[in-house]
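Trainee:
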Amino acid sequence: MSVRVRIAPSPTGNLHVGTARAALFNWLYARANGGVFIVRSDDTDQERSTTEYEERILESLRWLGLDWDEGVSVGGPHGSYRQSDRYDRYREVGGQLVASGAAYYDQRPPDELEALRQRAQNEGKHPGHYIRRPKEEVDGGVIRLAIPQGEPVVFDDMIRGTVSFEPRDVDDFVILRTDGIPTYHLASTVDDVDYEITHVARGEDLLPSTPKHILITRGMGAGEPVYAHLPLLFGTDGKKLSKRHDATSLTEFRDAGYLPDAVFNYLCLLGWSVDGETTIFTREDAIAAFDLADVSKNPATFDPDKLEWMNGEYVRAIEPERFVEMVVPFVERSIGRALDESDLARFREISGLVQERTKLLPEAGEQVTFLFGDIDEYDEKSWEKVMTKDGVADILAASSDRLGRLAQWSADAIENELRAMLAEMEIGVGKGLQPMRVAVTGSSVSPPLFESMAVLGQETTVARLDSVRSRLTG
RNA sequence: GGUCCCGUCGUCCAGAGGCCUAGGACGCCGGCCUUUCAAGCCGGAAACGCCGGUUCGAAUCCGGUCGGGACUGCCA
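Counting from 57, one number per residue, gives the positions in the first sequence under my numbering.
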């Protein structure tokens, strides 16, 4: 039987990294086995679900480079792949389960049920012992599944191995609400059966719900899929990844300047590896090596530092011209206006040096703002550190004078001139260049100075040196 | 509280009884290179939670213990 896997996000927010990683592993498994990857919308929470979020989630999946064969927006043999379009089907199954005795109606208030549950527990009976009623007795209310007593529910999880639950530990849970809307357990399970899902790979938080899903599946007379429960993702504080402390949605990463390939690569490494040695790899490499059975059992802590490092690796690997294209919007954002042709030409001259120094795309913009506008304010710390030293004004005056008279304006020529000058003045290169750097770029951290000056132009360079010198000498 | 899951460097991953004086990556520390910052290169500190058992031999198997987590809704 060919592999059919799915990811079923709820459109109640942007795509969460945990969901993204689950999608990734499902996608890898499908691609590794010539299977079908399905995207379904679990939108039974009518209060919070929106089509707006649904579209954004799909966008994020596409951004990550995951394509799907069936599902929302691409269609397939099962309709819209939205649960909100299938309420009739869930009610039908609910009715069948009641008819067969696998489920029953219940309309008693929660506190009464709690008391009955407590009583059963005290007497060592199944929690549903005093709750269950014959199906004729009540009409309306919710429908609960009657957990069959006896044998434990056992299944072989691809990642966890054999997992077993005693029936007495599973509540008679609600499958259909009073308003006729199915709960997650029913809708999700019915869909998995109807769509002929062969492998359910999802977060470990659903492990305790698995016996419920297995029981519904059996109640429908269907065979169970193979389950694979992925380890959970934690934030840097060691707790569950939270929106409060961490970037949690894929859109945030995109907006921060992360590359989809880097995010893809990094997410793969959270719970899985190619061979324990390889850190950077392509999607094809991942597909070739991937198996759900190899996924780690341990929860993984999301490490922003490592992702950032990896993004730098990917940024440096971009084709130079492509890098320019990608970074232009960020440069424009930094300088607050669009780049014209001559700006672009100047940016190209230095973009290689910028690329080496970029981990996140927006940083590239910050590095070249000095090229495209006046320096409104100098970096305070840089000024403090460099400009308050003795002899700075002399260095600026001399460099302005010599660069102003330089016949050929190129990085090499500038370098030769300034090195010769500093040698004559008996000032160390490192010490002597810093004031010029701050004067010309506004900061003690910048792309290499000679190239920066070359691109900036002779006139502007000299003007900036003069401007700072006169500011220093009053 | 109950049920279930998990337990190798700070973090991620490798290790499926001898190849382990435990390997790779991020981060950290030191050095080299160097016009700053990066990048690159070299080196370093850093882990098998604990206790028993099985075995000639255990990070690897078993038991216990401790620790962490998830679930325990007419949310998903």
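The beta-carbon is built from N, C-alpha and C at its ideal position, and this holds for glycine as well.
Quick check: the Cα distance between Thr-218 and Val-209, rounded to an integer number of angstroms?
Mentor: Rounded to the nearest angstrom, the two C-alpha atoms are 10 Å apart.
Trainee: Helix, strand or coil: which one does DSSP assign to Thr-497?
Mentor: Three-state result, Thr-497: helix.
Trainee: Identify the residues that DSSP records as bridge partners of Gly-259: which are they?
Mentor: For Gly-259, which the question treats as bridged, DSSP gives the partners Leu-286.
Trainee: Considering only residues of the same chain and omitting the five flanking positions on each side of Gln-514, which have a CB-CB separation below 6 Å?
Mentor: Cβ within range, chain order: Trp-465.
Trainee: If I follow the unbroken beta strand (DSSP E) through Leu-201, where does it start and stop?
Mentor: Looking at the DSSP string, the run of the beta strand (DSSP E) that includes Leu-201 is 198 to 201.
Trainee: How long is the line joining the alpha carbons of Ser-288 and Ile-231, rounded to whole angstroms?
Mentor: Sequence check: residue 288 is Leu here, not Ser. Near 26 Å, if we compare the C-alpha coordinates of Ile-231 and Leu-288.
Trainee: Given Gly-421, which residues of its chain have a CB within under 8 Å of its CB, disregarding the five upstream and five downstream residues?
Mentor: Excluding sequence neighbours, Gly-421 sits near Val-383, Phe-386, Val-387, Glu-388, Arg-389, Ser-390, Ile-391.
Trainee: Among residues of its own chain, excluding the 5 on either side of Cys-324, which ones have a beta-carbon nearer than 6 Å to its beta-carbon?
Mentor: The answer, listed in chain order, is Ala-342.
Trainee: Does the Cβ-Cβ distance between Ala-326 and Ala-356 come in under 7 Å?
Mentor: It is worth fixing the name first, because residue 326 is Leu in this sequence and not Ala. Their beta carbons are under 7 Å apart, which means Leu-326 touches Ala-356 by this criterion.
Trainee: Suppose you measure from the CA of Gly-90 to the CA of Leu-153; what does that come to, to the nearest Å?
Mentor: For Gly-90 and Leu-153, the distance between alpha carbons rounds to 35 Å.
Trainee: Could you round the C-beta distance between Gly-533 and Tyr-109 to whole angstroms and report it? I think they count as a contact, below 8 Å.
Mentor: Residue 533 lies beyond the residue range present for the chain, which begins at 57 and ends at 530; the question has no answer from this structure.
Trainee: Using alpha carbons as the reference points, say which of Pro-418, Ile-483, Thr-444 lies closest to Leu-315.
Mentor: Leu-315 has its Cα closest to that of Pro-418, out of Pro-418, Ile-483, Thr-444.
Trainee: Would you mind listing the alpha helix (DSSP H) stretches within the stretch 104 to 182 that are 4+ residues and don't spill past its ends, in chain order?
Mentor: Complete alpha helix (DSSP H) runs here, min 4: 107 to 120, 143 to 155, 166 to 178.
Trainee: If I follow the unbroken beta strand (DSSP E) through Asp-212, where does it start and stop?
Mentor: It spans 209 to 213 - the beta strand (DSSP E) in which Asp-212 sits, taken as one unbroken run.
Trainee: Once you ignore the five residues that flank Thr-106 on each side, which residues in its own chain have a CB closer than 8 Å to its CB?
Mentor: So the list reads Pro-67, Thr-68, once near-sequence residues are dropped.
Trainee: How long is the line joining the alpha carbons of Asp-141 and Ala-64, rounded to whole angstroms?
Mentor: Their backbone Cα atoms lie some 15 Å apart in a straight line.
Trainee: What does the Cβ neighbour count give for Asn-354, buried or exposed, with the cut at 16 atoms within 10 Å?
Mentor: Exposed, by the Cβ-count rule.
Trainee: Does the distance from the C-beta atom of Gly-488 to that of Ile-431 stay below 7 Å?
Mentor: Not a contact, by the Cβ cut-off of 7 Å.
Trainee: Does the beta-carbon distance from Ile-270 to Glu-280 come in below 7 Å?
Mentor: Yes.
Trainee: Grouping DSSP H, G and I as helix and E and B as strand, with all else coil, what is Val-330?
Mentor: Residue state, collapsed to three classes: coil.
Trainee: Using the Cα positions of Arg-77 and Val-246, report the straight-line distance between them to the nearest angstrom.
Mentor: In a straight line, the C-alpha of Arg-77 is about 24 Å away from that of Val-246.
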